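Comments concern the structure below.
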Amino acid sequence: MRRNKDFTVFWLGQALSVLGGSVSMLALPLLVLHATGSLVQMGLVTVVSSATSIGAGVFAGYVVDRLDRRRLMIVCDLVRAVLFGAVPLVWWVAGPQIWLLYVLTALAAVLRTLFDVAYVTAIPHLVRTQDLTAANGRLMGTFALGSLLGPVVAGFLTAGVGADWALALDGATFLVSAASLVRVRFTARPDEPDNNKAGSGAGAGAGVFREMFVVGFRFLWSHPLLRPLTVGLTVLTFVTMGATDLLIYRVRHDLGRDAATLGYVIAVSGAGSVAAALSAGRLRRLLGFGTCWLASVAMIAVGVTVTGVSRSVPVIAALAAVFMFGITLGGICSMTLRQEVTPDHLLGRVTSAFWTVHNASGPVGAAVLTLLAARHGVPAVSLAGGALCLLVLGGALLTPLRGSRAGVGAPGPAAPDQEPAAGPSARA
2 MRRNKDFTVF WLGQALSVLG GSVSMLALPL LVLHATGSLV QMGLVTVVSS ATSIGAGVFA
62 GYVVDRLDRR RLMIVCDLVR AVLFGAVPLV WWVAGPQIWL LYVLTALAAV LRTLFDVAYV
122 TAIPHLVRTQ DLTAANGRLM GTFALGSLLG PVVAGFLTAG VGADWALALD GATFLVSAAS
182 LVRVRFTARP DEPDNNKAGS GAGAGAGVFR EMFVVGFRFL WSHPLLRPLT VGLTVLTFVT
242 MGATDLLIYR VRHDLGRDAA TLGYVIAVSG AGSVAAALSA GRLRRLLGFG TCWLASVAMI
302 AVGVTVTGVS RSVPVIAALA AVFMFGITLG GICSMTLRQE VTPDHLLGRV TSAFWTVHNA
362 SGPVGAAVLT LLAARHGVPA VSLAGGALCL LVLGGALLTP LRGSRAGVGA PGPAAPDQEP
422 AAGPSARA
C-alpha cells in the first residue's frame, strides 16, 4: 500500500474532497437559514438532498457500469466545482436566490451518488484484492476525520467570510479531486477483462428498469452471503439512522447538559470510527469477515442500549465510541466483501441496489424511533432498538455469515439475466 502511488494520489485527493463536503453539509443549511430565517426551509434542503439521492440510486449503478468510471468521476467533480463556486458570484450579482440552492442541492445529490458508486467500483482497480480491506479502512478513516473537522472549518469560514464562500471552498476541493483523478491510472482486475466500457443497450420501459436496478438486486439476492447481509443491514439501518437523534435528545433534554458537553460526546464517538478504520484490515485478516461483521452488530446493539439508558456522560461517550466502532467496522467489511465477490461489470449496479435497499429504511426508522421516544422516553426505545439489533445478530448466526472468513477467491454467482463473467469472480 505504501508503494502504491496511484492509490496514494487517489486517497489524498479524496481526503481534501471529503473535508470540503463536510464543510458544505453545514454551510448550505446555514446559508438557507441566514437568507430566509425559516427552520422549515432549512429542513427542506435536507429533504431534497435525501430524496434525490435515493432516486438517483436507482440508476447510478447502471450509468457507472456503462461509462468509463474515471472520466465519470472527473466530470462529476468538475460540474460540482462549477455549481458550488457559482454561489458567491450569484449572491454578489443578484443577491440571495433560494431557488438556486434547491436546484444546486438536487443536482449535487445526483452527482454525489454517481461519484460515490463509481468511487466504490474504482478501488478494486487501484489495489490488490488482498489489500481491499486496508484500502477501504484508510478511506473510511479519512471520511471520519473529515466529518469531524469539516463542521469546525465550516463554522470558522461562515463566521469569517460567509456561508456562500464556504460553499465556494467546497467547489475548490472538487477541482483538487478532479486533478488527482487525472493523475491516477486504473488497472484491469486480474481475474476479469476490462469491462469498464459501455455494455449492450437495453430496451425501453420495464427492460431499462431491469437493467438499472433489478440486475443488481438479483445478484444480491442470489448470493449466499450478500442476501443475509442486505437483510441484516436494512434492519440495522432502521435502528441506527435515528440513534444520533436519540443520543442528542438524551444528553441535551433528559440529562440537561449543554452543547459543549454534547460536542465532547460526538467527538469521542468519532474517535471510535477512526480506530475502527485503522484496525479493520488487521482484524479481518485475523478473524475473517463473518466474525468481524457479527462482532460489529454486537457492538452496535450494546452502544444503542447503553447510550440510551445510562445517566453518566463519560459512559455515554465511551459507548457512543463503541457504537461508531461497530458501524465503521461493519461498513468496511461489507464494502470489501461486495468488491471481492461481485463481477466487475456488475459492481456499480450491485452497489447502487445495495445502498438503495438498505438506506430506504433509514428515514422511516428515524421517524418511528423519535416519535416513540417522544411518547415513551429514550431509555425504553433504546432498549427496544438494542433488542432488535440482537435479533439481527441471532438471525445472522443461522446463515452462512457465521464463520465466513472472506470472499476472496470465492466465485460469485452470475446474475440470472446476464452472461457469466469471463473467469472466476473475485463495497459500501
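For what it's worth, our numbering labels the leading residue of the sequence shown as 2, then goes sequentially. Ideal Cβ positions, reconstructed from N, Cα and C, are used throughout, including at glycine. Just so you know, these numbers come straight off a predicted model, no measurement behind them.
Cβ-based burial, residue i [other Cβ within 10 Å; buried from 16]
i, result
"Asp165", "buried"
"Asp66", "buried"
"Gly257", "exposed"
"Val64", "buried"
"Gly404", "exposed"
"Val83", "exposed"
"Ile377", "Inspection of the sequence shows that residue 377 is occupied by His rather than by Ile. Under this definition His377 is an exposed residue."
"Val104", "exposed"
"Trp93", "exposed"
"Ala374", "buried"
"Phe157", "exposed"
"Asp195", "Any answer about Asp195 is weak, because its pLDDT of 46 lies below 50 and its placement is not dependable; what the coordinates show is given next. Exposed: under 16 other Cβ atoms inside 10 Å."
"Gly62", "buried"
"Leu226", "buried"
"Leu186", "Note that residue 186 is Arg in the sequence shown here, rather than Leu. Exposed, since its Cβ has fewer than 16 Cβ neighbours within 10 Å."
"Arg219", "buried"
"Arg72", "exposed"
"Arg312", "exposed"
"Pro421", "Residue confidence is low: Pro421 scores 29 on pLDDT, short of 50, so the model does not pin down where it sits. Its coordinate-derived value is still stated next. Label assigned to Pro421: exposed."
Distance CB(residue i)-CB(residue j) smaller than 8 Å
i, j, result
"Leu13", "Ser274", "no"
"Thr371", "Asp255", "no"
"Ala277", "Phe324", "no"
"Met213", "Phe60", "yes"
"Phe175", "Asp78", "yes"
"Leu29", "Val46", "yes"
"Gly161", "Phe85", "no"
"Val379", "Gly304", "no"
"Val240", "Val252", "no"
"Ala397", "Leu221", "no"
"Leu330", "Leu284", "yes"
"Thr106", "Gly58", "no"
"Ser51", "Pro364", "yes"
"Ala302", "Cys390", "yes"
"Thr352", "Val76", "no"
"Leu338", "Phe290", "yes"
"Gly217", "Arg350", "yes"
"Gly387", "Thr306", "yes"
"Gly147", "Leu279", "no"
"Thr159", "Leu248", "no"
Proximal residues to residue i (C-beta, below 8 Å), its chain only, five neighbours per side dropped
i, result
"Gln15", "Tyr120, Leu140, Thr143, Ser178, Ser181"
"Ile150", "The sequence given here places Leu at residue 150; Ile does not occur at that position. These residues qualify, in order along the chain: Leu20, Ser23."
"Thr231", "Leu221, Trp222, Phe355, Val358, His359"
"Gly229", "Note that residue 229 is Pro in the sequence shown here, rather than Gly. Closer than 8 Å at Cβ, skipping near neighbours: Gly396, Ala397, Thr400, Pro401, Leu402."
"Phe11", "Ala123, Leu127, Ser181, Leu182, Val185"
From the options, residue whose alpha carbon lies closest to that of residue i
i, options, result
"Arg129", "Leu158, Glu341, Leu394", "Glu341"
"Arg184", "Leu127, Gly217, Ala160, Ala169", "Leu127"
"Ile333", "Ser270, Ile124, Phe239", "Ile124"
"Gly22", "Ala109, Gly56, Ile55, Arg71", "Ala109"
"Ala272", "Ala321, Leu32, Met242", "Ala321"
"Pro401", "Val314, Val307, Trp294", "Trp294"
"Ala244", "Thr231, Thr292, Ser383", "Ser383"
"Val369", "Leu230, Leu392, Met242, Lys6", "Met242"
"Val269", "Val316, Leu279, Arg228", "Val316"
"His35", "Leu112, Leu133, Leu102", "Leu102"
"Ser335", "Leu146, Val154, Leu133, Thr159", "Leu133"
"Gly442", "Ile99, Asp7, Ala145, Leu399", "With the chain running from 2 to 429 in the structure shown, residue 442 is simply not present."
"Leu17", "Arg219, Ala145, Leu227", "Ala145"
"Ser297", "Gly163, Ser313, Ile328, Arg228", "Ile328"
"Val314", "Leu90, Tyr250, Ala95, Arg81", "Tyr250"
Cβ-based neighbour list, residue i, same chain, cut-off 7 Å, excluding 5 preceding and 5 following
i, result
"Ala299", "Leu394"
"Thr235", "Val358, His359, Ser362"
"Thr238", "His359, Asn360, Ser362, Gly363, Gly366"
"Thr122", "Val65, Arg70, Leu348, Gly349, Thr352"
"Thr53", "Ala107, Ala110, Val111"
"Val33", "Gln42, Met43, Val46, Ile99, Leu102"
"Lys6", "none"
Own chain, CB closer than 6 Å to residue i, minus 5 neighbours either side, in chain order
i, result
"Ser25", "Leu168, Asp171"
"Arg4", "none"
"Met74", "Phe116, Ala119, Leu182"
"Thr188", "His126"
The ligand NAD heavy atom lying under 7 Å from the CB of residue i
i, result
"Ala375", "Absent from the structure shown: the ligand NAD. Ligands present: none."
Q) Enumerated in chain order, which unbroken segments of the alpha helix (DSSP H) with a length of 4 residues or greater are wholly contained in the stretch 335–415? A) 348–360, 362–377, 379–397
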